[in-house]
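Reading through the structure tokens given below for one structure.
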Amino acid sequence: MAPSSVLFEGLEGAQAEWGRLLDLSPANTVFLTPEWQQVWWDHFGGANELCVLSLEDADGPLGLAPLAVQDGIARFLGGTDLFDYHDFVVPEGRESPFYAALIDYVEHDTEWRVLDLESLRAGSPALELLPAHAEARGFA
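For the sequence shown, the numbering used here puts the final residue at 121, and the numbers step up evenly by one.
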């Protein structure tokens, strides 16, 4: 079965899954909690479109991508001047299929031109795996 995606209407709808996945993720910091992200969104979301994307495959959840999108550019929720440790919410051991599914989603289901992912935490698998999967699909 190919990976599937669910795009939540808001942060509230994703909260239960988000908390469960965050407990399984090495990126479990206060900056990635749905509560923290909700406060940021409520005050600074502005003209951005909220994209809380859940990806899964036949083996279960792959992870969650909480993003703000504006003018074809997808960014992490949270300003880089306030958040030191951005990342995706991915259970340990599910990183490679998550990033492959994310690139597939970006390629086929969005009009995004750029993933601008500042302030990734040191040691994040996204630093290695996301560029590798993107380059394998022909993205710069």
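Quick reminder that beta carbons are idealized off the backbone N, C-alpha and C, glycines included.
query, result
"Alpha helix (DSSP H) runs wholly inside the stretch 29 to 92, at least 4 long, in chain order", "76 to 90"
"Among 68, 119 and 117, the one whose alpha carbon lies nearest that of residue 97", "68"
"Euclidean distance between Cα positions of residue 21 and residue -17", "33 Å"
"Residue 95: first and last residue of the uninterrupted beta strand (DSSP E) it sits in", "95 to 97"
"Span of the beta strand (DSSP E), counted from its first residue to its last, around residue -13", "-15 to -11"
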